[in-house]
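There are 6 protein chains.
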Amino acid sequence: MRVLAVGAHPDDIELGCGATLLAHQARGDEVGLLVMTTGERGPQDARSRIGEQEDAAAILSASLIWGGFEDGNVPEGRDAITVVQRAIARSSPDLIYTHTPRDTHQDHRATAAAVLSAARRMRQVLLYESPTSIQFTPSIFVDVAALIESKMDLVRAHMSQVLKNGLVDLEALEAQARYHGFRARLRYAEAFESDRFLWDLAPMPQPRASERVALQEPGPSPFRPPVGEIDVPVS
Amino acid sequence: MRVLAVGAHPDDIELGCGATLLAHQARGDEVGLLVMTTGERGPQDARSRIGEQEDAAAILSASLIWGGFEDGNVPEGRDAITVVQRAIARSSPDLIYTHTPRDTHQDHRATAAAVLSAARRMRQVLLYESPTSIQFTPSIFVDVAALIESKMDLVRAHMSQVLKNGLVDLEALEAQARYHGFRARLRYAEAFESDRFLWDLAPMPQPRASERVALQEPGPSPFRPPVGEIDVPVS
Amino acid sequence: MRVLAVGAHPDDIELGCGATLLAHQARGDEVGLLVMTTGERGPQDARSRIGEQEDAAAILSASLIWGGFEDGNVPEGRDAITVVQRAIARSSPDLIYTHTPRDTHQDHRATAAAVLSAARRMRQVLLYESPTSIQFTPSIFVDVAALIESKMDLVRAHMSQVLKNGLVDLEALEAQARYHGFRARLRYAEAFESDRFLWDLAPMPQPRASERVALQEPGPSPFRPPVGEIDVPVS
Amino acid sequence: MRVLAVGAHPDDIELGCGATLLAHQARGDEVGLLVMTTGERGPQDARSRIGEQEDAAAILSASLIWGGFEDGNVPEGRDAITVVQRAIARSSPDLIYTHTPRDTHQDHRATAAAVLSAARRMRQVLLYESPTSIQFTPSIFVDVAALIESKMDLVRAHMSQVLKNGLVDLEALEAQARYHGFRARLRYAEAFESDRFLWDLAPMPQPRASERVALQEPGPSPFRPPVGEIDVPVS
Amino acid sequence: MRVLAVGAHPDDIELGCGATLLAHQARGDEVGLLVMTTGERGPQDARSRIGEQEDAAAILSASLIWGGFEDGNVPEGRDAITVVQRAIARSSPDLIYTHTPRDTHQDHRATAAAVLSAARRMRQVLLYESPTSIQFTPSIFVDVAALIESKMDLVRAHMSQVLKNGLVDLEALEAQARYHGFRARLRYAEAFESDRFLWDLAPMPQPRASERVALQEPGPSPFRPPVGEIDVPVS
Amino acid sequence: MRVLAVGAHPDDIELGCGATLLAHQARGDEVGLLVMTTGERGPQDARSRIGEQEDAAAILSASLIWGGFEDGNVPEGRDAITVVQRAIARSSPDLIYTHTPRDTHQDHRATAAAVLSAARRMRQVLLYESPTSIQFTPSIFVDVAALIESKMDLVRAHMSQVLKNGLVDLEALEAQARYHGFRARLRYAEAFESDRFLWDLAPMPQPRASERVALQEPGPSPFRPPVGEIDVPVS
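Protein chains in written order, with numbering that gives the first Met the number 0: chain F, 0 to 234; chain W, 0 to 234; chain X, 0 to 234; chain H, 0 to 234; chain D, 0 to 234; chain E, 0 to 234.
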């Protein structure tokens with residue numbers, strides 16, 4: 000299986016679905032990350048948030064694509080959609096994770112809107128919670144009891160945020176997993192709203208084929224697609 | 000995997016999730032059916048609806064339990080909950096299917112309420128659509144393109160309804176699967192609202208053990224638990 | 000009665016409410032179309048989508064206005080609102096049809112937002128479904144059993160999309176009308192969410208007067224209002 | 000056209016949709032009322048609420064059926080559904096008005112549930128607001144500017160409530176019509192949530208035939224259908 | 000200020016709003032508890048749950064009324080409403096706390112429905128979360144950082160449940176307060192859905208008068224009002 | 000207590016929460032106003048809407064900040080967010096009032112989105128209704144019976160709108176307060192949706208300290224922050 004997780008800033012993905020991505024990694028699934036901005040306006044220290052995100056991707060054995068947008072200013076509309084479409088075209092994911100669109104952070108909202116547009120021909124889009132989400136009402140849960148400590152380590156890769164951003168709080172993160180777990184009758188859970196989820200009930204185990212096209216290699220340098228070069232049909 | 004499907008009347012389960020149950024059967028999962036009433040007030044012919052439901056259960060290789068309630072009068076409350084709890088205790092299902100609670104048919108609403116109460120310690124409850132459901136907004140889909148014809152055959156087991164009940168319409172049933180499929184980017188789909196769904200991302204394939212306790216054998220004669228004999232804790 | 004239907008791309012209106020517009024035509028109502036883009040990024044063949052939309056308008060005896068925006072890039076905000084306001088000012092519609100705003104396609108969302116803003120002093124706005132809509136929960140239905148075949152012919156005017164765009168699927172379109180019809184206890188229905196609908200219970204039949212002001216003549220050439228020339232108060 | 004309005008207590012119908020019923024009357028439509036209880040536990044004076052409801056029915060030229068249930072104790076379930084089914088069978092309404100089901104009054108909720116069940120094969124159910132409704136979000140409006148004074152007179156037929164029940168407040172009633180009217184860009188409106196509404200766009204005016212079966216004559220004496228005599232299929 | 004908290008079973012109130020009631024106690028507000036059942040079907044030990052609830056009431060300096068209903072069988076309808084109305088009549092609360100009605104436990108749902116009905120003339124009803132609530136979306140928060148330890152002690156009064164009922168989990172309870180607190184930008188919070196909340200912006204501090212009528216003294220013995228003796232108007 | 004009210008145009012704040020601000024004033028709370036545009040495209044007369052807004056601010060003893068955006072064109076995104084963040088930084092409000100985001104007016108939507116983003120670390124955001132709001136479902140109410148006449152006077156400060164804008168209608172405004180009041184069991188109420196509301200149950204009366212930092216003095220001349228000078232962290 001191939002999954003693509005999209006977040007607005009370094010650490011958004013890990014906070015929202017880090018343990019689930021660790022579970023994908025453990026299964027041998029291919030994991031790709033698309034981070035729309037480098038979070039350059041957050042309280043980072045000298046070691047750049049780019050490096051922190053690269054470290055997190057390495058822990059996840061995930062490829063990493065940068066969206067190249069400005070922190071605080073992710074556009075709603077075609078430019079952002081095109082970036083996501085390109086990431087989809089490269090990695091052919093079976094499922095996409097992104098922010099729930101009900102969020103007070105403008106970059107989270109814009110990212111969610113772009114992903115929902117870009118993924119409109121896909122069959123599976125799951126939406127994760129952020130500290131700024133509102134009225135999050137999940138219906139799909141992943142058991143992360145065995146992974147909660149590893150998730151904490153993963154988030155710690157984003158050292159600058161853990162130390163300085165009041166909305167990145169490891170204790171609250173554990174409480175969140177415990178709360179959603181309790182509601183799902185699990186010890187710890189990551190929780191998702193489902194835009195569309197295809198439950199695979201095929202009788203045969205799905206071969207995880209070696210014929211899969213190689214996922215995009217990690218690309219630490221931000222890129223922005225030239226306007227006018229968009230080749231993926233949108234309607 | 001063990002699943003239990005609960006419906007108010009003969010044919011409700013097959014209309015709502017028949018193809019999905021056929022997929023479970025094909026995987027070797029154990030399927031149990033709990034039908035709350037015999038539908039005795041519907042437009043049945045001489046051949047009883049009990050027999051039709053038994054035929055459908057046979058096609059599904061499913062055990063069948065009758066709830067023993069009166070058609071049109073499924074109670075909201077403890078009696079119905081107890082019947083569902085007993086069925087759960089016997090079959091230890093991993094997942095329950097039942098009516099969405101937003102439905103204009105009183106028996107569908109009462110059945111849904113009873114199942115949600117009885118299953119409140121379980122991890123997985125999926126809700127299917129009926130012809131009388133309202134504002135059905137599914138988020139989990141099962142690909143049934145290979146099973147839509149078999150589903151039609153399954154529903155035809157309920158011959159009396161297909162011939163005489165205007166709300167059982169095979170053509171509309173196919174349109175429903177086509178509509179939900181199109182929305183989920185599939186050819187045909189059964190669609191579910193998710194109260195709670197545990198997505199199993201464990202790395203190892205789940206053994207479908209032979210140590211499973213045998214499911215309740217088909218029980219054509221309706222039973223009603225004696226009041227006062229309820230032994231399953233409810234709070 | 001005068002109605003205005005607004006869509007983002009050629010074919011959106013016909014897919015969403017084509018049979019209803021045919022019913023308006025049969026009643027002698029005036030029908031206007033406003034199409035925000037020419038859909039130039041879709042999989043069209045040589046014969047332009049402009050011509051296809053003109054053909055569809057001719058079948059509907061409808062006037063046609065082009066919004067002049069770029070496919071995939073309909074703006075949210077004043078420019079789009081102004082275009083809709085101008086179309087309203089010209090045709091004085093009693094009712095507007097447009098996309099439901101809950102849609103994963105950015106152009107559909109932007110068009111819906113623009114129409115809802117521009118029509119905020121009007122009494123009737125009905126919202127139709129697209130293949131990319133989400134959580135569509137209609138409450139007003141139009142019986143289109145007698146018109147479903149004509150609707151198919153109308154959509155076939157958009158030949159390039161029917162042949163090449165996977166989301167334009169005549170079979171799925173019929174299933175959609177059958178599904179909504181079944182839910183509304185009709186054979187085939189077009190379904191609408193209602194932002195505001197005025198049910199006319201006046202005792203006298205409404206004269207469909209010949210004194211109506213002429214609707215804007217069909218305008219095949221795209222126009223875009225000059226910025227700064229906006230004369231319709233917006234607050 | 001034939002309409003049936005169902006309310007839990009004397010005055011509920013007039014408060015919720017009295018002006019709309021006056022509009023039906025003015026059009027020559029047949030109006031039937033079904034009142035589930037006689038409201039005997041309210042603060043009535045010597046002149047019975049039965050008489051007040053009869054007076055209101057006379058003003059509306061409406062037939063009147065009593066449901067025969069106990070005030071404060073309208074059952075959720077088959078008995079109430081059967082009463083509504085009988086009223087439907089007698090009057091063959093094209094449309095039913097009843098309480099919105101989101102209401103803190105148990106009798107309003109039970110009545111709404113019963114009507115939604117009994118009307119599940121009908122094409123049109125509109126839901127009106129009561130003083131105890133919650134989160135009422137109407138989408139269909141009727142212009143009652145010409146009828147607001149007549150509505151006040153109609154409600155004044157329920158003299159005992161106007162004088163003594165704090166939740167029957169003519170000034171608040173006018174404010175309600177003014178508020179909903181303003182939101183619908185009308186002067187005064189009655190507002191409805193729509194469960195299902197069939198918008199008739201047929202080209203020919205609908206003949207209001209003389210072959211209509213006569214509506215049930217007003218029946219002031221409460222009746223309750225004998226249990227076991229229910230002959231209307233429910234599933 | 001006078002508040003009344005209503006729960007279905009011993010411990011429901013303390014789990015849902017225990018810290019908030021401690022805050023009321025600290026302000027000198029009068030606190031009343033109404034517990035609909037004695038929870039006799041839960042996994043209690045020899046020391047009765049009645050005694051545990053009395054202990055909790057003593058910690059809260061709260062009066063205690065028992066509803067007298069059977070565990071697992073709280074009725075939806077007039078009997079339960081009457082019990083709540085009597086409790087309201089005795090204690091004249093300014094605000095009522097109760098279960099959110101969206102809950103899979105039948106007793107929680109029935110209690111919430113009864114309270115919403117009984118309180119329909121009151122100005123303030125806040126709804127708390129239970130382990131079986133679904134889609135809880137709070138909008139009013141109380142800062143309980145200084146009270147979270149005391150809340151744990153309060154819940155420990157319900158020793159039998161803490162030891163034996165899997166859905167009473169002190170660690171999960173703390174995680175819940177931490178989660179809601181984090182979302183409300185507090186350290187620990189209790190969270191409420193608001194049916195109606197009156198924010199008092201009066202310029203003068205509200206006198207907490209000594210002329211208050213005495214609250215009903217704690218009544219450990221269950222009572223059930225005789226049918227027919229109901230004297231509180233319901234419509 | 001310090002509150003900040005944000006509106007898109009002159010008069011939006013007074014229409015939405017004018018009486019509540021008068022109540023704050025009467026308590027001695029500090030009130031700040033942020034108006035995003037000068038409403039220059041509305042039907043104003045010679046006396047500018049700037050002056051009218053200044054008059055309204057004076058009546059409220061409120062400081063006034065202008066957002067400096069163009070009427071009809073308030074941006075969704077960083078520029079608007081930055082303006083709100085600056086206003087927050089200057090006045091350190093405990094609570095913010097703004098438009099509900101469900102509104103058909105683009106400026107209202109954009110203002111609401113900007114405020115929700117800018118206030119994402121705050122504990123209290125209440126949302127008011129406008130004539131163009133849709134599906135407004137309030138849960139927090141302020142009793143304004145003693146202030147409704149003063150609110151009318153406050154709105155009359157916006158003379159140009161009262162005389163010429165059909166959506167500013169004092170009679171409808173009173174009906175709105177009467178309607179919401181009736182629903183909240185009050186005579187007149189202003190009603191709010193609650194994004195987050197912290198109910199202060201601290202035992203001691205809150206000192207309204209003289210050490211408060213002075214609110215920004217009224218700034219009648221519109222300003223627009225230079226792009227690039229944004230210094231408030233956003234993520």
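We put the beta carbon where it would ideally sit given N, CA and C, even for glycine.
| field | Sheet register partners of aspartate 142/D (DSSP bridge) | value | Sequence index remark: in the fifth sequence, residue 142/D carries index 143 (1-based). Answer by DSSP bridge pairing, in chain order: Ala188/D.
| If you draw a straight line from the alpha carbon of aspartate 10/H to that of histidine 104/F, how long is it in whole angstroms? | For the purposes of this step, residue 10/H is taken as residue 11 along the fourth sequence, with counting starting at 1. For the purposes of this step, residue 104/F is taken as residue 105 along the first sequence, with counting starting at 1. Cα-Cα distance, rounded: 48 Å.
| When the cut-off is 8 Å and only beta carbons count, does threonine 136/F lie next to chain W? | Here residue 136/F refers to the residue found at position 137 of the first sequence. Closer than 8 Å to the CB of threonine 136/F there is not a single CB belonging to chain W.
| task | Work out the CA separation of arginine 155/X and proline 161/X for me, nearest whole Å. | result | Within the third sequence, residue 161/X is the residue found at index 162, counting from 1. Within the third sequence, residue 155/X is the residue found at index 156, counting from 1. For clarity, residue 161/X is valine in the given sequence; the question names proline instead. Between the C-alpha atoms of valine 161/X and arginine 155/X there is a straight-line separation of about 7 Å.
| Near-chain F residues of the region 119 to 152 of chain X (beta-carbon distance less than 8 Å), N- to C-terminal order | Of all residues in the region 119 to 152 of chain X, the ones placed with a Cβ closer than 8 Å to any Cβ belonging to chain F are Thr131, Ile133, in chain order.
| message | For a test of the three-state rule: what should DSSP assign to leucine 59/D, helix, strand or coil? | response | One-based indexing of the fifth sequence puts residue 59/D at position 60. In the structure shown, leucine 59/D falls within a coil segment according to DSSP collapsed to helix, strand and coil.
| request: On a CA-only basis, which of Ala174/W, Leu166/W, Val167/W is nearest leucine 169/X? Give me that one, please. | output: Translated into the one-based positions of the third sequence, residue 169/X becomes position 170. For the residues Ala174/W, Leu166/W, Val167/W, the minimum Cα distance to leucine 169/X belongs to Ala174/W.
| Taking the C-alpha atoms as reference points, what is the distance between proline 100/X and threonine 81/X? | To locate residue 100/X, count along the third sequence from 1; it is residue 101. To locate residue 81/X, count along the third sequence from 1; it is residue 82. Looking at the backbone, the Cα of proline 100/X and that of threonine 81/X are separated by about 18 Å.
| request: Give a yes or no on contact between the region 30 to 44 of chain E and the region 129 to 142 of chain E, applying the rule of three or more CB pairs nearer than 8 Å. | output: In short, these stretches do not touch, since the Cβ pair count stays below three.
| DSSP state of serine 193/H mapped onto helix, strand, coil | Taking the first residue of the fourth sequence as position 1, residue 193/H is located at position 194. It is a strand residue.
| said: Which residues in chain D have a C-beta closer than 8 Å to the C-beta of aspartate 11/F? List them in chain order. | reply: Counted from its first residue, the first sequence places residue 11/F at position 12. Residues of chain D whose Cβ lies closer than 8 Å to the Cβ of aspartate 11/F do not exist; the shortest such Cβ separation is about 16 Å.
| Taking 8 Å as the CB-CB limit, is threonine 110/D close to chain W? | In the fifth sequence, residue 110/D corresponds to position 111, counting from 1. No - not a single Cβ of chain W is within 8 Å of the one on threonine 110/D.
| Cross-chain neighbours of serine 116/H in chain W, by beta carbon under 7 Å | In the fourth sequence, counting from the first residue as 1, residue 116/H sits at position 117. Under a criterion of Cβ atoms nearer than 7 Å, the residues of chain W adjacent to serine 116/H are, in order, Thr103, His104, Gln105.
| task | Flag glycine 17/E as yes if its beta-carbon sits less than 8 Å from any beta-carbon of chain X, otherwise no. | result | To locate residue 17/E, count along the sixth sequence from 1; it is residue 18. No, because no Cβ of chain X sits closer than 8 Å to the Cβ of glycine 17/E.
| query | Fully enclosed by the region 64 to 138 of chain E, which beta strand (DSSP E) runs are 3 residues long or longer? | reply | Qualifying beta strand (DSSP E) stretches, in chain order: 94 to 98, 124 to 127.
| Nearest to alanine 188/W by CA position, among Ala183/F, Arg195/F, Phe191/F, is which residue? | Reading the second sequence from its first residue, position 189 is the one you call residue 188/W. Checking every option, the nearest Cα to that of alanine 188/W belongs to Arg195/F.
| Residue-level contact to chain H via CB, glycine 71/W, 8 Å cutoff | Residue numbering aside, residue 71/W sits at position 72 when the second sequence is read from its first letter. True, the Cβ-Cβ gap to chain H drops below 8 Å.
| request: Compile a chain-ordered list of the residues in the region 175 to 193 of chain F whose CB is closer than 9 Å to at least one CB of chain W. | output: If the cut-off is 9 Å between Cβ atoms, the region 175 to 193 of chain F has Arg182, Ala183, Arg184, Leu185, Ala188, Phe191, Glu192, Ser193 near chain W.
| field | beta strand (DSSP E) segment containing leucine 172/H, residue limits | value | Residue numbering aside, residue 172/H sits at position 173 when the fourth sequence is read from its first letter. Per DSSP, leucine 172/H lies in no beta strand (DSSP E); the unbroken alpha helix (DSSP H) holding it starts and ends at 169 to 182.
| said: When you compare the CB of leucine 75/E with every CB in chain X, is at least one pair closer than 8 Å? | reply: Residue mapping note: residue 75/E aligns to position 76 of the sixth sequence, counting from 1. Correcting the residue type first, residue 75/E is glutamate in the shown sequence and not leucine. Glutamate 75/E counts as touching chain X.
| query | If we count the other Cβ atoms within 10 Å of its Cβ and call it buried at 16 or more, is glycine 76/D buried or exposed? | reply | Counting from one through the fifth sequence, the residue named residue 76/D turns up at place 77. Its Cβ being crowded by 16 or more others within 10 Å, glycine 76/D is buried.
| field | Backbone CA spacing between tyrosine 96/W and arginine 1/W [nearest angstrom] | value | In the second sequence, residue 96/W corresponds to position 97, counting from 1. In the second sequence, residue 1/W corresponds to position 2, counting from 1. For tyrosine 96/W and arginine 1/W, the distance between alpha carbons rounds to 11 Å.
| task | Return the bridge partner residues of valine 5/E from the DSSP annotation. | result | As a first step, residue 5/E is located in the sixth sequence; it is residue number 6 there, counting from the start. Looking at the DSSP output, valine 5/E bridges to Leu33/E.
| message | For glutamine 205/E and glycine 67/H, I'd like the C-alpha separation in whole angstroms. | response | Position 206 of the sixth sequence holds residue 205/E. Position 68 of the fourth sequence holds residue 67/H. Bear in mind that the predicted position of glutamine 205/E carries a pLDDT of just 42, short of 50, making it unreliable; the figure below should be weighed with that in mind. The alpha-carbon atoms of glutamine 205/E and glycine 67/H are separated by roughly 56 Å.
| query | Can phenylalanine 191/X and leucine 115/X be called in contact, C-beta distance under 8 Å? | reply | Stepping through the third sequence from its first residue, residue 191/X is reached at position 192. Stepping through the third sequence from its first residue, residue 115/X is reached at position 116. Leucine 115/X sits away from phenylalanine 191/X, with the two beta carbons spaced by 8 Å or more.
| Tell me which same chain residues have a C-beta within less than 8 Å of the C-beta of histidine 157/X, skipping the five on either side of it? | Mapped onto the third sequence, residue 157/X falls at position 158. Counting only Cβ-Cβ distances below 8 Å, and skipping sequence neighbours, we find Pro9, Asp10, Glu13, Arg48, Glu51, Gln52, Ala55, Val167.
| query | For leucine 3/D versus serine 90/D, is the C-beta distance shorter than 8 Å? | reply | Here residue 3/D is taken as the residue at index 4 of the fifth sequence, counted from 1. Here residue 90/D is taken as the residue at index 91 of the fifth sequence, counted from 1. Yes, the Cβ-Cβ distance between leucine 3/D and serine 90/D is below 8 Å.
| query | So, is glycine 6/E buried or exposed, given that buried needs 16 or more other C-beta atoms within 10 angstroms? | reply | The sequence position of residue 6/E within the sixth sequence is 7, counting from 1. Its Cβ being crowded by 16 or more others within 10 Å, glycine 6/E is buried.
| said: For threonine 136/X, count the other beta carbons within 10 Å of its own beta carbon; 16 or more makes it buried, fewer makes it exposed. Which is it? | reply: Taking the third sequence and counting its residues from 1, the one referred to as residue 136/X is at position 137. It counts as exposed.
| message | When you compare the CB of isoleucine 58/W with every CB in chain D, is at least one pair closer than 8 Å? | response | Here residue 58/W refers to the residue found at position 59 when the second sequence is read from its first residue. Not closer than 8 Å to any Cβ of chain D, the Cβ of isoleucine 58/W fails to qualify, so no.
| query | Is the beta carbon of alanine 86/H less than 8 Å from the beta carbon of isoleucine 64/H? | reply | The residue labelled residue 86/H in the question sits at position 87 within the fourth sequence. The residue labelled residue 64/H in the question sits at position 65 within the fourth sequence. Yes, Cβ-Cβ distance for alanine 86/H and isoleucine 64/H is below 8 Å.
| From what residue to what residue does the alpha helix (DSSP H) around methionine 0/W run? | Position 1 of the second sequence holds residue 0/W. Here methionine 0/W belongs to no alpha helix (DSSP H), and DSSP marks it neither H nor E.
| said: Output needed in chain order: residues of the region 79 to 93 of chain X with a Cβ under 7 Å from some Cβ in chain E. | reply: Taking a C-beta cut-off of 7 Å against chain E, the contacting residues of the region 79 to 93 of chain X are Ile80, listed in chain order.
| Alpha carbon to alpha carbon, how far is leucine 146/H from leucine 21/H? | The count along the fourth sequence starts at 1 and reaches residue 146/H at position 147. The count along the fourth sequence starts at 1 and reaches residue 21/H at position 22. C-alpha separation (whole angstroms): 7 Å.
| said: For a cutoff of 8 Å on Cβ pairs, would you count arginine 1/W as touching chain F? | reply: Taking the first residue of the second sequence as position 1, residue 1/W is located at position 2. Cβ-Cβ to chain F under 8 Å: no for arginine 1/W.
| Residues in its own chain within less than 8 Å of glutamine 123/W by CB, not counting five upstream and five downstream? | Counting from 1 along the second sequence, the entry for residue 123/W is found at position 124. Residues of the same chain with a CB within less than 8 Å of the CB of glutamine 123/W, apart from the 5 flanking positions on each side, are Asp93, Leu94, Ile95, Arg195, Phe196, Leu197 in chain order.
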